[in-house]
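The listed protein sequences derive, respectively, from chains U and P.
The opening residue of the first sequence carries number 9 in our numbering; numbering runs sequentially from there.
The opening residue of the second sequence carries number 671 in our numbering; numbering runs sequentially from there.
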Amino acid sequence: MADYLDTLIRAVEDADSSLLLQEAVKNLAEARLEGAIPTLIASLSYNNPGAAVAAVDGLIQLGEPAVPFLLQLLDNHNYTARAWTIRALAGIGDPRGLLTLLGAATADFALSVRRAAARGLGMMKWHWFPDELLEIAQAEAMDALLFVAQEDDEWVVRYSAVVGLQFLADAVAVTYPEWRSQIQSQFEKMAVKDESWAVRGRVWMAQQHLQAATQPQTIDNQPSPLSSMDWQRIMEGLYGRKGQEREVLAEGDPRRYRELVVAIDPKTGDA
Amino acid sequence: MDNESSIRDDNQLTVEQAIANLQGEDLGLRVYAAWWLGRFRVDAPEAIDVLIAALEDDDDRTNAGGYPLRRNAARALGKLGGKQAVPALIKSLECSDFYVREAAAQSLEMLGDLSCIPRLIELLNNQVPGTLPAPEPPQLTQPFDAILEALGTLGAIDAIPLIETFLDHFIPRIQYAAARAMYQLTSQATEISNQYGDRLVQALAHPDLQLRRAVLADLGAIGYLPAAEAISETLAENSLKLISLKGLLEKQLLQTTPPDLSPGAIKVMKLMDALL
């Protein structure tokens, strides 16, 4: 098995044309071997879309073991690879990617990144979350997706938010029916107001789905492989995010002026 | 409303300033103003008037004899939708600069006014005196792809025999433009038009990524539904595949009454979902 893997990896390293590289990465991805993860990750940075598509598919199939590698690559700020990395994280749905996806969906400057993250937010492996984290995680995902659906300038990102919201509406149908109604009223607005016909079309499809689906279907029952340390980190991240949001005070709140005074005070130094 | 918010994003220029710059002395500012008016869709009559005037500019010349300001003005006029630009753009099809003719053909396609068809056919036949070839290899005599695409969109059925001769052009990009036009011009007979659509689908497997990208745009422009799966599997950026599929989807949405969805629309959206 190790020899086989070595041969496949060497084919990627030795590929001297974009077509050969594409083929080699595809073969490596299809082998479904965890040892292939570093090479698949590396091929996200080659600026070869064919190879990157194959590598992302392979990483999504390998799933959870690829997540630490993907998160590490994001930390390295490789812009070429970032969109593909987010796409892989979104496809895997691993909760360790949640914070990254929340930030990427709402604030990344690249539309391909926002697009991939928005879909991923709807398709988290929610059944892995412990009860005490599920509510805040889903609430954050919904806030982010509603924001993107209303505010993003790019049709494809709003389209993706509709897809994410459709999946989220299924996930919360039993636990938080009022959230599902909130998603549906967002859809009603977009169905007539979104400036892109493609987005409106996707909203109509989501509405049909929500009308038809009475039972939320569980896709897999595989148990969570995450450690208590992982959950601790995710929880801190989510509470950190919540905390940041609370600092945004309403217009006219007197505390805004106090903070403004501090901010423009030359003695504090960071204005 | 969308235009206004876009304009506010660019605090370099106002509409008045851009119109003034376009008539000013600074050549750099003039070229930028022409682009800017198109980019932000400033369709005020005075903006269109100054852009039409810029189509006859003689001040801004490249070393090779090109007219950068005329190119930008011609491109902008297509985006602004003012039919009063049509005669001036038809005149620009006689310009010696290859890229001015290319921009004019594209803009005439966007404006959708059929009066330009005879001149486009003459240009496709290379019968317009004073036109110079493209300055770089393969030094085409005319911007054939832009002309073919315009004739297809404008429904120039009389041009079919001439367009067919380009299906075997030595440049693949031009073959595809001809196939795209033939698809549009034969749309009354599905089995005939589909053979041109299928030709484009086959081209999605071309080894050159640039060409695959161009064909994705062609298929999106004609909204050819049987191409849906092939588009989603093309070895190219997902962003481009999504834009192409959006073209297919929007054509499907026109065929039903909202919010009803055709089976084709649902199929395309499922493919799009997987590319996000």
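No residue lacks a Cβ here, since even glycine has one placed at the ideal position from N, Cα and C.
Looking at the C-beta of Ala-906 of chain P, does it have a partner C-beta in chain U at a distance below 7 Å? On the second sequence, residue 906 of chain P is found 236 positions in, with the first residue counted as 1. True, the Cβ-Cβ gap to chain U drops below 7 Å.
According to DSSP, is Ser-777 of chain P helix, strand or coil? Translated into the one-based positions of the second sequence, residue 777 of chain P becomes position 107. Helix at Ser-777 of chain P.
My understanding is that Leu-960 of chain P touches Ala-746 of chain P, with C-beta atoms under 8 Å, so please give their C-beta distance in whole angstroms. Since the first and last residues shown for chain P are 671 and 946, residue 960 of chain P lies out of range.
CB contact check: Met-981 of chain P to chain U, cutoff 7 Å: Residue 981 of chain P lies beyond the range of chain P shown here (671 to 946); nothing can be said about it.
My assumption, with CB atoms under 8 Å, is that Asn-691 of chain P sits in contact with Leu-699 of chain P. Please give the rounded CB distance. For the purposes of this step, residue 691 of chain P is taken as residue 21 along the second sequence, with counting starting at 1. For the purposes of this step, residue 699 of chain P is taken as residue 29 along the second sequence, with counting starting at 1. Indeed they touch by this definition, with Cβ atoms about 4 Å apart.
Under 8 Å by beta carbon: chain U residues contacting Asp-783 of chain P: Along the second sequence, read from residue 1 onward, the residue named residue 783 of chain P stands at position 113. Chain U residues near Asp-783 of chain P: none, gap ~24 Å exceeds 8 Å.
Tyr-894 of chain P classed as buried or exposed, judged by whether at least 16 other C-beta atoms fall within 10 angstroms: By one-based count along the second sequence, residue 894 of chain P stands at place 224. Buried, by the Cβ-count rule.
Looking at the C-beta of Ser-902 of chain P, does it have a partner C-beta in chain U at a distance below 7 Å? As a working mapping, residue 902 of chain P is identified with position 232 in the second sequence. By this cut-off, Ser-902 of chain P is not an interface position.
Measuring only between beta-carbons, confirm whether Val-164 of chain U sits less than 7 Å from chain P. Stepping through the first sequence from its first residue, residue 164 of chain U is reached at position 156. For Val-164 of chain U, the answer is yes, since a Cβ of chain P falls inside 7 Å of its Cβ.
Would you check if the distance between the CB atom of Leu-707 of chain P and the CB atom of Trp-205 of chain U is smaller than 7 Å? Within the second sequence, numbered from 1, the residue matching residue 707 of chain P stands at position 37. Within the first sequence, numbered from 1, the residue matching residue 205 of chain U stands at position 197. Taking 7 Å as the Cβ cut-off, Leu-707 of chain P and Trp-205 of chain U do not qualify as a contacting pair.
Is Leu-739 of chain P closer than 7 Å to Ala-969 of chain P when the C-beta atoms are compared? No statement about residue 969 of chain P is possible, as the shown extent of chain P runs from 671 to 946 and does not include it.
For Gly-101 of chain U and Gly-128 of chain U, I'd like the C-alpha separation in whole angstroms. Within the first sequence, residue 101 of chain U is the residue found at index 93, counting from 1. Within the first sequence, residue 128 of chain U is the residue found at index 120, counting from 1. Looking at the two C-alpha atoms, the distance is approximately 6 Å.
Rounded straight-line distance, which links the Cα of Asn-908 of chain P to that of Leu-119 of chain U: Sequence index remark: in the first sequence, residue 119 of chain U carries index 111 (1-based). Sequence index remark: in the second sequence, residue 908 of chain P carries index 238 (1-based). Distance from the CA atom of Leu-119 of chain U to the CA atom of Asn-908 of chain P, rounded to whole angstroms, is 12 Å.
Give me the Cα-Cα distance between Ala-221 of chain U and Gln-215 of chain U, rounded to the nearest whole angstrom. If you number the first sequence from 1, residue 221 of chain U lands on position 213. If you number the first sequence from 1, residue 215 of chain U lands on position 207. Take the alpha-carbon of Ala-221 of chain U and the one of Gln-215 of chain U: they are about 10 Å apart.
Minimum length 4: unbroken alpha helix (DSSP H) runs contained in the region 46-76 of chain U: Taking only runs of at least 4 residues, the alpha helix (DSSP H) segments lying wholly in the region 46-76 of chain U are 57-70.
DSSP three-state label for Ile-901 of chain P, please. One-based indexing of the second sequence puts residue 901 of chain P at position 231. Collapsing the DSSP output to three states places Ile-901 of chain P in a helix.
Distance check for Thr-927 of chain P and Ala-98 of chain U, CA to CA, integer angstroms please. Indexing the first sequence from 1 puts residue 98 of chain U at position 90. Indexing the second sequence from 1 puts residue 927 of chain P at position 257. For Ala-98 of chain U and Thr-927 of chain P, the distance between alpha carbons rounds to 34 Å.
Can you give me the C-alpha to C-alpha distance between Leu-810 of chain P and Pro-803 of chain P, rounded to a whole angstrom? For the purposes of this step, residue 810 of chain P is identified with residue 140 of the second sequence, where counting begins at 1. For the purposes of this step, residue 803 of chain P is identified with residue 133 of the second sequence, where counting begins at 1. Distance between the alpha carbons of Leu-810 of chain P and Pro-803 of chain P: 5 Å.
When burial is assigned at 16 or more other CB atoms within 10 Å of the CB, is Ile-191 of chain U buried or exposed? For this step, residue 191 of chain U is matched to residue 183 along the first sequence. By the neighbour-count rule (16 or more Cβ atoms within 10 Å), Ile-191 of chain U is buried.
When the distance is taken between beta carbons, is Leu-910 of chain P closer than 7 Å to Pro-883 of chain P? Here residue 883 of chain P is taken as the residue at index 213 of the second sequence, counted from 1. Here residue 910 of chain P is taken as the residue at index 240 of the second sequence, counted from 1. The amino acid at residue 883 of chain P is misidentified as Pro; the sequence shows Arg. Leu-910 of chain P is positioned such that its CB atom lies closer than 7 Å to that of Arg-883 of chain P.
Is it buried or exposed, Pro-933 of chain P, if we count other Cβ atoms within 10 angstroms and call 16 or more buried? The residue labelled residue 933 of chain P in the question sits at position 263 within the second sequence. Exposed, because fewer than 16 other Cβ atoms sit within 10 Å of the Cβ of Pro-933 of chain P.
Short CB-CB distance (under 7 Å) between Ala-873 of chain P and chain U: Taking the second sequence and counting its residues from 1, the one referred to as residue 873 of chain P is at position 203. No, Ala-873 of chain P lies away from the interface with chain U (no Cβ there is under 7 Å from its Cβ).
Name, going along the chain, the residues of the region 35-68 of chain U whose beta-carbon falls closer than 8 Å to a beta-carbon of chain P. Of all residues in the region 35-68 of chain U, Pro-57, Gly-58, Val-61 have a Cβ within less than 8 Å of some Cβ in chain P.
Could you tell me whether any Cβ in chain P is nearer than 7 Å to the Cβ of Met-213 of chain U? Taking the first residue of the first sequence as position 1, residue 213 of chain U is located at position 205. Yes, its Cβ sits closer than 7 Å to a Cβ of chain P.
I'd like to know whether the C-beta atoms of Arg-850 of chain P and Asp-888 of chain P end up nearer to each other than 7 Å. Numbered from its first residue, the second sequence carries residue 850 of chain P at position 180. Numbered from its first residue, the second sequence carries residue 888 of chain P at position 218. Taking 7 Å as the Cβ cut-off, Arg-850 of chain P and Asp-888 of chain P qualify as a contacting pair.
Against Leu-27 of chain U, what residues of chain P qualify as contacts under a CB-to-CB distance less than 8 Å, listed in chain order? In the first sequence, residue 27 of chain U corresponds to position 19, counting from 1. Those within 8 Å of Leu-27 of chain U in chain P are Pro-877.
Taking 7 Å as the threshold (beta carbon to beta carbon), is Asp-24 of chain U in contact with chain P? Translated into the one-based positions of the first sequence, residue 24 of chain U becomes position 16. No, Asp-24 of chain U lies away from the interface with chain P (no Cβ there is under 7 Å from its Cβ).
Between Gly-209 of chain U and chain P, is the shortest Cβ-Cβ distance under 7 Å, so that the two count as touching? Start at 1 with the first residue of the first sequence, and residue 209 of chain U comes out as number 201. Closer than 7 Å: yes.
Please report how far the alpha carbon of Met-237 of chain U lies from the alpha carbon of Pro-138 of chain U, in whole angstroms. For the purposes of this step, residue 237 of chain U is taken as residue 229 along the first sequence, with counting starting at 1. For the purposes of this step, residue 138 of chain U is taken as residue 130 along the first sequence, with counting starting at 1. Taking the straight line from one Cα to the other gives about 13 Å.
Status (buried if at least 16 other CB within 10 Å, exposed otherwise) for Glu-186 of chain U: Reading the first sequence from its first residue, position 178 is the one you call residue 186 of chain U. Looking at its Cβ environment, which holds fewer than 16 other Cβ atoms inside 10 Å, Glu-186 of chain U is exposed.
Cut-off 6 Å between Cβ atoms - residues of its own chain near Asp-202 of chain U, not counting five sequence neighbours on either side: If you number the first sequence from 1, residue 202 of chain U lands on position 194. The beta carbon of Asp-202 of chain U lies closer than 6 Å to those of Arg-208 in the same chain, with the five residues before and after it left out.
Note down, in chain order, each residue of its chain lying with its Cβ closer than 6 Å to the Cβ of Glu-760 of chain P, except the 5 sequence neighbours on either side. Within the second sequence, residue 760 of chain P is the residue found at index 90, counting from 1. Just to set this straight, residue 760 of chain P is Ile in the shown sequence, not Glu. Hits under 6 Å: Cys-786, Arg-789.
Local conformation of Cys-786 of chain P per DSSP, three classes: On the second sequence, position 116 is the one that residue 786 of chain P refers to. Three-state result, Cys-786 of chain P: helix.
I'd like the list of long-range same chain contacts for Asp-65 of chain U, defined as Cβ closer than 7 Å, with 5 residues on each side in sequence excluded. Here residue 65 of chain U is taken as the residue at index 57 of the first sequence, counted from 1. Contacts found: Ala-37.
With 16 as the cutoff for other CB atoms within 10 Å, does Thr-93 of chain U come out buried or exposed? For the purposes of this step, residue 93 of chain U is taken as the residue at position 85 of the first sequence. Burial call: buried.
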